[in-house]
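Engineer: Sharing a structure, written as structure tokens. Questions coming.
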Amino acid sequence: MAIPTIFIQIIILIYNLADTFFIGKTNNPYMVAGVSLILPLFNICACIFCLTGVGGGALVSRLLGQNRENEAKKVCAFCFYLSIVISVIFSLLFLIFLHPILNIIGASENTYIYAKQYALCVIVFGAIPTVLSNVMSNLLRSVGLSREAGFGITLGGLLNIALDPLFMFVIMPQGYEILGVGIATLLSNCASCAYFLAVSLKIKNQYVINYGIKNILPEKDSVLSVFNVGIPSALSVLLFDLDYIVIDKLMASYHDIAMAAIGIVLKAERLPLNVGIGICQGMMPIIGYNFSAKNQKRIDDTVKYSLFIGLIVSAVSIVLYELSAHFIIKAFISEAKTLALGTNFLRIRILATPLMFVSFFVVHVFQAFGEGNLALFLGVVRWLVLNIPMLYLLNFLFGMYGIVWAQVCADIFTVVLSYGVYFKYQKNLKAKECKITCN
24 MAIPTIFIQI
34 IILIYNLADT
44 FFIGKTNNPY
54 MVAGVSLILP
64 LFNICACIFC
74 LTGVGGGALV
84 SRLLGQNREN
94 EAKKVCAFCF
104 YLSIVISVIF
114 SLLFLIFLHP
124 ILNIIGASEN
134 TYIYAKQYAL
144 CVIVFGAIPT
154 VLSNVMSNLL
164 RSVGLSREAG
174 FGITLGGLLN
184 IALDPLFMFV
194 IMPQGYEILG
204 VGIATLLSNC
214 ASCAYFLAVS
224 LKIKNQYVIN
234 YGIKNILPEK
244 DSVLSVFNVG
254 IPSALSVLLF
264 DLDYIVIDKL
274 MASYHDIAMA
284 AIGIVLKAER
294 LPLNVGIGIC
304 QGMMPIIGYN
314 FSAKNQKRID
324 DTVKYSLFIG
334 LIVSAVSIVL
344 YELSAHFIIK
354 AFISEAKTLA
364 LGTNFLRIRI
374 LATPLMFVSF
384 FVVHVFQAFG
394 EGNLALFLGV
404 VRWLVLNIPM
414 LYLLNFLFGM
424 YGIVWAQVCA
434 DIFTVVLSYG
444 VYFKYQKNLK
454 AKECKITCN
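Numbering (the numbering used here), first residue to last: 24 to 462.
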């Protein structure tokens, strides 16, 4: 199941990279910086689908392990409609407070108009199809339909690649490239959403994926279980975005060129990270199902194998990125100052890849177990106690490059904490099972 989810994550990455890649072809660092400012805000959509998609998907897998198919149907419908409501509220609030939000995140006189154009397309109008696509993809994966989930995301990614240059350089007049790329992304997400709706209607009689109104109210315990995993997952993503916002804000205090460089790096480094997240998401239904079925050996085997593969990917990525950092950044922009800074930034940031993978890995395992509180604890400590304070501290001590080194330094402590919490949890779990068996 990991291969389709890895593929999904790569396509999601292509979504993000395509916009930056084509905008970089204008050789306008202010356009690149404007889009980079919106990335953390656009990722708030991920908070919404983590709340309902990850929380609901994890519960559906556990319910199927308990042979409670009717309740699983209700959970699917509940998550679908809740996603719509939250997305509408988010879009409206963002539209109302757009101006102060852009000022807060560091939009300058040079980047404001570009950030505004992109935000209107991908957030104000694009939040609903973006969220629904990812929620439905997670729910499909929770019942074992990883191939269908992957195809829907792939459809959107390929459309985005095709439509970006069409709208930027053919349909829209010169100077409106950002608006063109935003419209292309919006249409791609709408197409992906339409595909998932069609698949869900087609399979509703064979699987528990059913969005009928009559199935909208699951049991109280199920609602609490969705939120128990979904809220910590959403907050973890929100804190991740807050970390990006702080990075953008600190970099913008130097100059827009640094802002453009770090914006490209934060996207370029995502390939190994997204592959790692795909591995984690692929293992979640297996762990969740076997956790409910009390098959500890299968859980242990899945954890060990997934961790091994993820660390191998991370190690290979470090070597490749260190050797080709200059060419990777140049693929996005040729402007000399941005290229030089981006190359140096990428060679530093990529060193954190295995540390970040292990941090994500442990959180996903706890989500699969239904232990949302532990996942939330690790997320809060990682971002609020370690990462963000480290950004300010190293920026104060070492300036611009201190910001770039902060991820590596903070995640060393995060990995130690994560493994300590995980091994203590496993020890307590086995002791509890032994006590039950002995009695």
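By construction, the Cβ of each residue, glycine as well, lies at the ideal position given by its N, Cα and C atoms.
Give me the Cα-Cα distance between I127 and K225, rounded to the nearest whole angstrom.
Structural biologist: For the purposes of this step, residue 127 is taken as the residue at position 104 of the sequence shown. For the purposes of this step, residue 225 is taken as the residue at position 202 of the sequence shown. Their Cα atoms are separated by approximately 45 Å.
Engineer: Could you say which of S114, V55, K272 lies nearest to V204 if we only look at CA atoms?
Structural biologist: Start at 1 with the first residue of the sequence shown, and residue 204 comes out as number 181. The shortest Cα separation from V204 among S114, V55, K272 belongs to V55.
Engineer: Do the CB positions of A100 and N228 come within less than 8 Å of each other?
Structural biologist: Position 77 of the sequence shown, counting from 1, holds the residue named residue 100. Position 205 of the sequence shown, counting from 1, holds the residue named residue 228. The answer is no: Cβ separation not under 8 Å.
Engineer: From what residue to what residue does the alpha helix (DSSP H) around S382 run?
Structural biologist: Position 359 of the sequence shown, counted from the first residue, corresponds to residue 382. Here the alpha helix (DSSP H) through S382 covers 376-392.
Engineer: Roughly how many angstroms separate the alpha carbons of T43 and E92, rounded to a whole number?
Structural biologist: One-based indexing of the sequence shown puts residue 43 at position 20. One-based indexing of the sequence shown puts residue 92 at position 69. About 43 Å.
Engineer: For R405, tell me which candidate among G395, I254, P63, V386 has the shortest Cα-Cα distance.
Structural biologist: Your numbering for residue 405 matches position 382 in the sequence shown. Selected option, being the one with the closest Cα: V386.
Engineer: Exposed or buried, which one is V298 when buried takes at least 16 other CB atoms within 10 Å?
Structural biologist: Within the sequence shown, the letter at position 275 stands for residue 298. Buried is the call here.
Engineer: Just to confirm before moving on: does the CB-CB distance between L209 and C144 stay below 8 Å?
Structural biologist: Position 186 of the sequence shown, counted from the start, is the residue given in the question as residue 209. Position 121 of the sequence shown, counted from the start, is the residue given in the question as residue 144. Cβ atoms of L209 and C144: closer than 8 Å.
Engineer: I335: buried (16+ other C-beta within 10 angstroms of its C-beta) or exposed?
Structural biologist: Position 312 of the sequence shown, counting from 1, holds the residue named residue 335. That one is exposed.
Engineer: Beta-carbon within less than 6 Å of L273's beta-carbon, same chain only, minus the 5 sequence neighbours each way: which residues are those?
Structural biologist: For this step, residue 273 is matched to residue 250 along the sequence shown. N418, I426, listed in sequence order.
Engineer: Select from L294, F219, V269, V342 the residue whose C-alpha is nearest the C-alpha of A17.
Structural biologist: Outside the displayed range of the chain (24 to 462) lies residue 17, so it cannot be described from this structure.
Engineer: Quick test of the definition: if touching needs 3 or more C-beta pairs under 8 Å, does the stretch 344-353 touch the stretch 115-123?
Structural biologist: With a cut-off of 8 Å, the stretch 115-123 and the stretch 344-353 do not count as touching, because too few Cβ pairs lie within range.
Engineer: Determine the contact status of A81 and Q390, defining contact as a CB-CB distance below 8 Å.
Structural biologist: Locating residue 81 in the sequence shown gives position 58, where the first residue counts as 1. Locating residue 390 in the sequence shown gives position 367, where the first residue counts as 1. Cβ distance < 8 Å, so A81 and Q390 count as in contact.
Engineer: Note the first and the last residue of the continuous alpha helix (DSSP H) segment covering H349.
Structural biologist: As a working mapping, residue 349 is identified with position 326 in the sequence shown. Start and end: 319-353.
Engineer: Please list the segments of the alpha helix (DSSP H) lying wholly inside the stretch 177-249, counting only runs of 4 or more residues, in order along the chain.
Structural biologist: As far as the stretch 177-249 is concerned, its whole alpha helix (DSSP H) runs of at least 4 residues are 200-226.
Engineer: Is G198 buried or exposed, if buried means 16 or more other CB atoms sit within 10 Å of its CB?
Structural biologist: Taking the sequence shown and counting its residues from 1, one reaches residue 198 at position 175. Burial call: exposed.
Engineer: From P241 to L420, what does the alpha carbon distance come to, in whole angstroms?
Structural biologist: As a first step, residue 241 must be located in the sequence shown, where it is residue number 218. As a first step, residue 420 must be located in the sequence shown, where it is residue number 397. If I take the Cα positions, the gap works out to 53 Å.
Engineer: Tell me whether N157 is buried or exposed, calling it buried when 16 or more other Cβ atoms sit within 10 Å of its Cβ.
Structural biologist: Translated into the one-based positions of the sequence shown, residue 157 becomes position 134. So N157 counts as buried.
Engineer: Using 10 angstroms around the beta-carbon of S248, count the other beta-carbons present and answer buried if the total reaches 16, otherwise exposed.
Structural biologist: The count along the sequence shown starts at 1 and reaches residue 248 at position 225. Buried, because 16 or more other Cβ atoms sit within 10 Å of the Cβ of S248.
Engineer: Tell me whether Y328 is buried or exposed, calling it buried when 16 or more other Cβ atoms sit within 10 Å of its Cβ.
Structural biologist: Here residue 328 refers to the residue found at position 305 when the sequence shown is read from its first residue. Y328 should be labelled exposed.
Engineer: Are the beta-carbon atoms of S110 and I151 separated by less than 8 Å?
Structural biologist: One-based indexing of the sequence shown puts residue 110 at position 87. One-based indexing of the sequence shown puts residue 151 at position 128. Taking 8 Å as the Cβ cut-off, S110 and I151 qualify as a contacting pair.
Engineer: Quick one: give me the first and last residue of the alpha helix (DSSP H) that L64 is part of.
Structural biologist: For the purposes of this step, residue 64 is taken as the residue at position 41 of the sequence shown. First-last of the alpha helix (DSSP H) with L64: 52-65.
Engineer: Express the C-alpha separation of I176 and A185 in angstroms, rounding to a whole number.
Structural biologist: By 1-based counting over the sequence shown, the position of residue 185 is 162. By 1-based counting over the sequence shown, the position of residue 176 is 153. Approximately 14 Å between the Cα atoms of the pair.
Engineer: If I'm right that V252 touches V83 with Cβ under 8 Å, what's the distance once you round it to whole angstroms?
Structural biologist: Residue 252 sits at position 229 when you count from the first residue of the sequence shown. Residue 83 sits at position 60 when you count from the first residue of the sequence shown. The Cβ separation is near 11 Å, so there is no contact.
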